[in-house]
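Here the structure is laid out as structure tokens; the discussion comes afterwards.
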Amino acid sequence: MGLLIDGRWHDQWYESSKDGTFQRENAQRRNQLPAADAGRYHLYVSLACPWAHRTLIFRTLKGLDKLIDVSVVSWLMGENGWTFDTALGSTGDKLDQLEFLHQRYTRDDPHYTGRVTVPVLWDKQEQRIVNNESAEIIRIFNTAFDGLTSNRLDLYPEPLRASIDALNERIYPAVNNGVYRAGFATTQKAYEQAFDELFAELDALEKLLNDQRYLAGEYLTEADWRLFTTLIRFDAVYHGHFKCNLRRIADYPNLSNWLRELYQWPGVAETVNMEHIQHHYYMSHKTINPNGIVPKGPLQDFAARHDRERLVGRGIWDKTSF
Ligand SMILES: N[C@@H](CCC(=O)N[C@@H](CS)C(=O)NCC(=O)O)C(=O)O
1 MGLLIDGRWH
11 DQWYESSKDG
21 TFQRENAQRR
31 NQLPAADAGR
41 YHLYVSLACP
51 WAHRTLIFRT
61 LKGLDKLIDV
71 SVVSWLMGEN
81 GWTFDTALGS
91 TGDKLDQLEF
101 LHQRYTRDDP
111 HYTGRVTVPV
121 LWDKQEQRIV
131 NNESAEIIRI
141 FNTAFDGLTS
151 NRLDLYPEPL
161 RASIDALNER
171 IYPAVNNGVY
181 RAGFATTQKA
191 YEQAFDELFA
201 ELDALEKLLN
211 DQRYLAGEYL
221 TEADWRLFTT
231 LIRFDAVYHG
241 HFKCNLRRIA
251 DYPNLSNWLR
261 ELYQWPGVAE
271 TVNMEHIQHH
281 YYMSHKTINP
291 NGIVPKGPLQ
301 DFAARHDRER
311 LVGRGIWDKT
321 SF
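Residue 205 in UniProt numbering sits at position 205 of the sequence shown, and the numbers go up by one each step.
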């Protein structure tokens, strides 16, 4: 775990602020696509990472698998940060056989300063990072290639944007980033604050999903998928490793049924890799789990039946029907 300073790699742990709260660095590459060309872009992901996972799901749902190839980093994030160690689950860097992800960042800018994160959307033609912010990469995937794929699904449809934005705004700090705020807190107070906000929000979402099929109502949207990548990791990792243990997702009937429905959505189960998820967190965060013991449980069956048919659901918004 470390960062680049003026293009040179330094191995160092996250710095929290004086009051012990975890500070997440803002992603630095925030461009739109120069053009929607097939085969021009390459996606770098970790199968362990909830942010990268969003982009993999959108790539699948939007039928981009043949247009955008993917390299997967190793699940272990050690002293060199993310690596392409094929012995530890990486596909290798399919473009240039690089050893470390930080070399991809210094190909973008030899003087890059900052953390080296996944996901990364790389432009092979211009040899630069288009974007390394998952919230923006999924919006790009949602529309940019529609002319090439004829895929008409819309996960951020105009009439639902205000409610999707409002959901993201509360779920990101309390849940998506909330589990990290709890897990990486370095004072009791900072941990308890993150913990309380997290479970207050999960309780509210449990209530919301009692009367509606998906977060924004009858349509399955971006807001659901952004929550999904955190909740699918919750009982296996955040509950124990990040001490988010007031309740498990399995203790929330609506959230766990909703989670199973999304897991069973065509193509989605193939994007979930529990081995990468558990090994990454428990073995990479030595300050939290110094001996790197990876728990064997819990037993989970996301393929089991769910009860969501009891509520009206229209699936993903299809632009051709409007
Ligand atoms: N805002 C970014 C966050 C990405 C992020 O923090 N990814 C983590 C993996 S889960 C990472 O690569 N961390 C490496 C580091 O912070 O050094 C996004 O959503 O794309």
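Don't be surprised by glycine CBs; every beta carbon is placed ideally from N, CA and C.
- Look at the UniProt domain "GST C-terminal" (157-299) and you find no whole run of beta strand (DSSP E) that is 3 residues long or longer.
- Rounded to whole angstroms, TYR191 and TYR180 show a C-alpha spacing of 10 Å.
- With three or more CB-CB distances shorter than 8 Å, the segment 38-54 counts as touching the segment 88-108.
- If you ignore the 5 residues before and after SER17, its C-beta comes within less than 6 Å of the C-beta of GLN23, all in its own chain and listed in chain order.
- Annotation for MET274 indicates a beta carbon at 7 Å or more from all heavy atoms of ligand 1.
- In the structure shown, HIS10 adopts extended strand secondary structure according to DSSP, grouped into three states.
- Of the residues ARG128, ARG308, ALA250, the one whose Cα lies closest to the Cα of LEU202 is ALA250.
- Along the length of the segment 2-78, whole alpha helix (DSSP H) runs at least 4 residues long occupy 50-61, reported in chain order.
- Bounds of the beta strand (DSSP E) holding ILE129 are 128-131.
- Per DSSP, the beta bridge partners of THR83 are PHE100.
- DSSP places ARG310 in the helix class (H, G or I) of the three-state scheme.
- When ASP224, ALA216, HIS306, GLY240 are compared, the shortest CA-CA separation from PRO253 is found for HIS306.
- The segment 56-74 makes no contact with the segment 230-242, as fewer than three CB pairs between them are under 8 Å.
- The shortest CA-to-CA distance from SER71 to any of GLY81, THR91, ALA87 is the one to THR91.
- In the three-state scheme derived from DSSP, where H, G and I count as helix and E and B as strand, GLY114 is classed as strand.
- Checking the 7 Å criterion, the Cβ of MET1 is within range of a heavy atom belonging to ligand 1.
- With respect to HIS276, LEU47 sits close: the two C-beta atoms are nearer than 8 Å.
- In this structure ASN131 is in contact with ASN31, their Cβ atoms being roughly 6 Å apart against a cut-off of 8 Å.
- GLU270 is positioned such that its CB atom lies no closer than 8 Å to that of ARG308.
- When only Cα atoms are considered, GLN103 and GLU206 end up about 43 Å apart.
- For LEU88, no alpha helix (DSSP H) segment is defined, and its DSSP state is neither H nor E.
- In this structure ALA182 touches ALA194 by the C-beta definition: roughly 4 Å separates them, less than 8 Å.
- Look at LEU153 here: in three-state DSSP terms it is strand.
- The beta carbon of ASN257 is closer than 6 Å to those of HIS306, ASP307, ARG308 in its chain, skipping five residues each way along the sequence.
- In this structure, TRP317 sits away from PRO173, with a CB-CB distance that is not shorter than 8 Å.
- For ASN132, the CB falls within less than 7 Å of some heavy atom of ligand 1.
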